[in-house]
Structures are given as C-alpha cells and as structure tokens.
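Quick notes on the structure that follows.
Numbering (the working numbering), first residue to last: 23 to 499.
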C-alpha cells in the first residue's frame, strides 16, 4: 500500500507543535515519546503501521477544540481515533499527523426514558451504552461484533451495524444528534433529542463520513424498550449456496427476524475449536433470531422452519432455554477472535442484494481456489453485509499482496451485482483506490466538495476514503 508523503516542514517543527499543545492541554494529555506513540501506529488493520507525530488525549469538547485550533493554525493533519478497532485502516496515522484519541471521553451525560434517548461522550464503548440503561428495561440497538471495545465515535464515523441491524438498522437509524468540532476548532450542535431536525440533513452527512468532516465528541442516541422475548434457531446446510438461497427465501416471504447470521465450514470449525458452542458438522449454518411475545415467536419460527425445510437442512435447532440461546450466539460472537487464533487474515466488508447471495458465495469459492488463498465467510446475511475473511501468512513474502488483490476482486464483484464497497467498516485506506469502481468522477467530486466546506485545507484524517492521488492533489491546493 502506498503511504502519503510526510510534510518535512511539520516534522521539523515537532517540538514547537507539541509545546503549543501542552500549553493549552493538561500535562498528561499530550504524548510525543516514540516509545509511547507506538501504541497508536495502527488500528485493527494491523498489516500497515506508521507512528504519528504526537498523540492528544483530551477529556472534554473544549480540549478537543483547543487542540484542533492549534493544529489548524500549524497546518498539522489530525487523525481522529475512537478505540482503534477499525478494520479498514480508518484510524491509521501518518508521520506528520497528530492522533486525537477520545478514549478518556466516556461519560454518560443524560438519560431520558420518556423520550427514549441517551446522551454520551463519544469515547464511550458501544456495549456500555446498553449497560447504562438495561436495568430500566432499555437497550441501544446497533451491536457490532467489536461492541465490547469499539467506541461510539467510531460507530458514527463508519455508520456501524451489527447482527441485529436487519430489524433495527445501523448507527444512522439510531443517531439523533451530535456535537461536532470542526478542524478550525468551531463547536457545532447538529440534530438533537427529537426525532427529526429541521433544515438540511447534516446528521446524515456526518454519520459515515469517516472523520473527514469533523470530530464527534458527544452523541445523542435512540434507546429502545427491550422486547418481551427473543429466541434464536440454528440451521445447518450442506452447501453455502443453499444457505444463501434460504436467506433470500426468508426475506422474500416477508418474515422480519431481528438477525440472520451466516457462517461457513472454515469459520464453523475455527469457532467450535475456540468457543465449543456445539455447532453441527456442516458446510454452512444460519443463526436466525426472532423476537416478540411467545405467540409471535412461535408463529415466526414456524414459518422459518417451513421455508428451511424446502432446502433440506442437515439440522434445525431451536433454543429452548437462555443457556441454549447463549451458546448458539457464542460461536458467532467469537468468530473473528477464533479465526485470528489460526491465521493472519484480512476482513472485507462488501454489501450485496440478498437475492445475489447464492451467486456471490459460489464466485467467492471459485476466486479463492484461483488465488490459492482460503476464504472464510461470516456475515450479516439478512441485509447482505458480507465479511469474507481472506487467510494469508504475514511472514510469507508476497502473500499480503495476493490477499489484497483477491480482496479487491471480491469487492468489485459486490459492486457488479448491485452492491457497494462497504456496509459498516468504512473505506479507510483499504478501499480508497477502489472508490472509482463504484463512483464516477463526478460523484467523487461532489463528495470532495462537501469535505471542502467542512475542512478546506484537507487536514482531517488524510489519505483516507478518496483515491490517494486525488486527495493528495486536493490537499496540495
């Protein structure tokens, strides 16, 4: 992967820049020792690393604004960072950049149950948002697999989803308002604690913008009352394409489960060895969860059983107890960690029409064989958000390049069948040079003009999202 060329002037002024930051921030909020900044050299796309110029760890919106004003005046690039769980290199720094991490900003600022919202600082982890309201019978719906660690700031930046996005939507469907700090240090309030803000939908522009437009420091999130009950079933099949066809038939029938998750044999074997969830020996499995009253659950699962029967499942297992339900989900929630135990891998994130699942799964198998690299599939099948895991050996020269080439072909396939390059991981550095596959030059120009408005000097999260040559030219002015 080509790295952006660092600005030697900024590198030469490091001491001056750090001194200015320390003059307005607490002593422990600025890190410039290379031994300590190494912890911020990459995110979860760990194949690429680069130590930043410095790291800033503010504790308030005012401190974020102060740091950004200085970096704006000094023309220093800034890389916003939530928890560093991005799988697309969204938080990877450059040598001349300051990483602005929000991990210390994790407070709950307000909870309003009658109006069903919670306001939190953006460094708060996803799972702990539900943790703050669950005793009162509420929850926050988006649930990425990394929800134990990932921050709300990153969820907003990438418009993250999760297993339950089929019914409840992704972050943009559960986001009511944000506090945003621009690169110039201006604090903006966008949206709020009401269902629909007047005027332009700037909240829709911010959510999914990958740190290109500003730094989100606070978020107002929709919370929902817990359903009366929920029950998952596990359905095993003897072929990936058959499982994909079953998903398409469930959606076509008008049934709306809260989640439909897919795992293939390589992933099933890895998770079973890792988590011992008791999964069947099969080529592919679906985890389908429905919710509602006991009568509603029984009716929905009855329809799903009928649909699955047309595809000759090797097993149909319905959870009868909370422990059985937990075990059905255990392997799926452990999938990425389990795969990491056995191999280096790159996790893709393409989205396709649900009807194209059988074709795409077959083509991925063929492309995997042609490239000589194994691919494990685990993804949100209900909304077609695929996460192929390409296995490679980081110590074998050339293997990473082969992995990237296969990944590019799989993502191009997603676009060809009517899908898109990303569902929730973002573009980051991983897919920036594939943007022209999905968008015409005029489309990219329109997107870049939006960035021009919010960040005219192109200092926020440089070398991400847009093709590197184009963004470098834009930054050069």
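Beta carbons: idealized from backbone N, C-alpha and C, even for Gly. Bear in mind the structure is a predicted one, so any value in this text is a computation, not a measurement.
Asked, Found
"Neighbour-count burial assignment, residue 164, 16 or more Cβ in a 10 Å radius", "buried"
"Residue 114 beta carbon less than 7 Å from that of residue 448", "no"
"Close-in-space but distant-in-sequence residues of the same chain around residue 301 (CB under 6 Å, 5 per side omitted)", "290, 294, 353"
"Sheet register partners of residue 286 (DSSP bridge)", "306"
"Inter-residue Cα distance where the pair is residue 345 and residue 134", "32 Å"
"For residue 427, the nearest candidate out of 440, 439, 413, 417 (CA to CA)", "413"
"Cβ pair residue 309, residue 241 closer than 7 Å", "no"
"According to DSSP, residues forming a beta bridge with residue 367", "413"
"Cβ pair residue 502, residue 88 closer than 7 Å", "Only positions 23 to 499 of the chain appear in this structure, which leaves residue 502 out of reach."
"Bounding residues of the alpha helix (DSSP H) (the contiguous stretch that carries residue 83)", "83-96"
"Complete runs of the beta strand (DSSP E) confined to the stretch 156-223 [at least 3 residues]", "197-203, 209-213"
"Segment contact flag, the stretch 308-323 with the stretch 432-439, C-beta cutoff 8 Å, min 3 pairs", "no"
"Helix, strand or coil at residue 470 [DSSP, three-state]", "helix"
"Beta-carbon proximity list for residue 341, same chain, < 6 Å, skipping 5 on both sides", "253, 254, 347, 350"
"Close Cβ partners of residue 261 (< 6 Å) along its chain, the five nearest in sequence each way excluded", "305"
"Enclosing beta strand (DSSP E) for residue 134 [first to last residue]", "130-134"
"Other residues of its chain near residue 119: CB distance less than 8 Å, five sequence neighbours each side excluded", "74, 75, 98, 99, 100, 101, 484"
"Straight-line gap, residue 272 to residue 127 (C-alpha atoms, nearest Å)", "42 Å"
"Own chain residues within Cβ distance below 8 Å of residue 190, not counting five before or after", "163, 164, 196, 246, 280"
"Distance, residue 259 Cα to residue 303 Cα", "9 Å"
"Residues near residue 299 in its chain [Cβ-Cβ closer than 6 Å; skip 5 each side]", "349, 352, 353"
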